[in-house]
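**Q**
Written out as structure tokens, the structure is:
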């Protein structure tokens, strides 16, 4: 997809070299009324999510981490909400997008990716998504308590995904890659069996 660029980079960890797939927008992707209307009809992940998933599936081995940037270094690409949206519309869109991110990330986990981190967000987007993910996590926690079987397991997996999404939003990709990923990847490799168990319990094929 011409709107995105993909770059595989090596990350040196205490367990040896690992790979991160850095995804950068190459056009100005503004999400507004049209995207909101579409998500009101259908909450499935969009074309960008599908493009990323197909890229990961086509790789000889999956990257340890996917880094999705909301802004390119040269200013040629960006990803964000339309500033013309009202505050109510922006909150609704952020929450609906967050739901699609959960599904998109779940597919990537099942494909062997350990984590998806988002970087280079604007302050407005970071605040909106953090609030939306907090609300969704509370809803999923309640669903996990009140339901049983696969439905409860899926809610637990969704909660885990939501609780790990937001802390890198306002950081630059270079800082995350250099300072956080080496130790984060090593830590996530220890928790990978737990995530596989959650995926299996939620009937997500791995």
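In the working numbering, the protein residues as written are 10 to 215.
Cβ coordinates follow ideal geometry from the N, Cα and C atoms, glycine included.
Using three-state DSSP, classify residue 33 as helix, strand or coil.
**A** Here residue 33 corresponds to residue number 24 of the chain shown, with the count starting at 1. If DSSP states are grouped into helix, strand and coil, residue 33 belongs with the strands.
**Q** Looking at the unbroken alpha helix (DSSP H) that takes in residue 138, where does it start and where does it end?
**A** Position 129 of the chain shown, counting from 1, holds the residue named residue 138. Its alpha helix (DSSP H) spans residues 132-155.
**Q** Across which residues does DSSP place residue 185 in a beta bridge pair?
**A** The residue given as residue 185 occupies position 176 in the chain shown. DSSP, once it has assigned bridges, lists no residue as partnering residue 185.
**Q** Kindly identify the DSSP beta-bridge partner or partners of residue 158.
**A** As a working mapping, residue 158 is identified with position 149 in the chain shown. Residue 158 is not bridged to any residue.
**Q** To the nearest angstrom, how far is the alpha carbon of residue 136 from that of residue 159?
**A** Within the chain shown, numbered from 1, the residue matching residue 136 stands at position 127. Within the chain shown, numbered from 1, the residue matching residue 159 stands at position 150. About 32 Å.
**Q** How do the region 38-55 and the region 101-112 stand: do at least 3 beta-carbon pairs fall below 8 Å, yes or no?
**A** Yes, the region 38-55 is in contact with the region 101-112.
**Q** What three-state label does DSSP hand residue 60 in the structure shown?
**A** Counting from 1 along the chain shown, the entry for residue 60 is found at position 51. Helix at residue 60.
**Q** Applying the 10 Å Cβ sphere with the 16-neighbour rule, what's the burial state of residue 13?
**A** Looking up residue 13 in the chain shown gives position 4. Classification of residue 13: buried, given that the 10 Å Cβ count is 16 or more.
**Q** Based on the DSSP secondary-structure assignment, which residues constitute the bridge partners of residue 169?
**A** As a working note, residue 169 is residue 160 in the chain shown. In DSSP, residue 169 forms no bridge with anything.
**Q** Out of curiosity, what's the CA-to-CA distance linking residue 207 and residue 134?
**A** Here residue 207 refers to the residue found at position 198 of the chain shown. Here residue 134 refers to the residue found at position 125 of the chain shown. Each residue's alpha carbon lies about 29 Å from the other.
**Q** Counting pairs of beta carbons, one from the region 115-125 and one from the region 60-68, are three or more of them closer than 8 Å?
**A** Yes: the two stretches touch, three or more of their Cβ pairs being nearer than 8 Å.
**Q** Determine, using beta carbons only, whether residue 76 and residue 185 come nearer to each other than 9 Å.
**A** Counted from its first residue, the chain shown places residue 76 at position 67. Counted from its first residue, the chain shown places residue 185 at position 176. Contact flag set, yes.
**Q** Of the residues 38, 51, 107, which one's Cα is nearest the Cα of residue 85?
**A** In the chain shown, residue 85 corresponds to position 76, counting from 1. Nearest of 38, 51, 107 to residue 85, Cα basis: 38.
**Q** How far does the beta strand (DSSP E) with residue 204 in it reach, from first residue to last?
**A** In the chain shown, residue 204 corresponds to position 195, counting from 1. That residue, residue 204, is in no beta strand (DSSP E); its alpha helix (DSSP H) goes 190-210.
**Q** Nearest-angstrom Cα distance between residue 92 and residue 25?
**A** The residue labelled residue 92 in the question sits at position 83 within the chain shown. The residue labelled residue 25 in the question sits at position 16 within the chain shown. One C-alpha to the other measures close to 43 Å.
**Q** For residue 62, I'd like the list of residues in its chain whose CB is within less than 6 Å of its CB, leaving aside the five on either flank, ordered along the chain.
**A** Here residue 62 is taken as the residue at index 53 of the chain shown, counted from 1. Once the five neighbours on either side are set aside, the close Cβ partners of residue 62 are 116.
**Q** So for residue 50, helix, strand or coil by DSSP?
**A** Here residue 50 refers to the residue found at position 41 when the chain shown is read from its first residue. Three-state DSSP puts residue 50 in a helix.
**Q** Cα separation between residue 164 and residue 173?
**A** The residue given as residue 164 occupies position 155 in the chain shown. The residue given as residue 173 occupies position 164 in the chain shown. When rounded, the distance between both Cα atoms is 14 Å.
**Q** Quick one: what's residue 116 bridged to in DSSP?
**A** Mapped onto the chain shown, residue 116 falls at position 107. Beta-bridge pairing links residue 116 to no other residue.
**Q** Name the residue from 181, 80, 179 whose alpha carbon lies nearest to the alpha carbon of residue 88.
**A** Within the chain shown, numbered from 1, the residue matching residue 88 stands at position 79. Residue 88 has its Cα closest to that of 80, out of 181, 80, 179.
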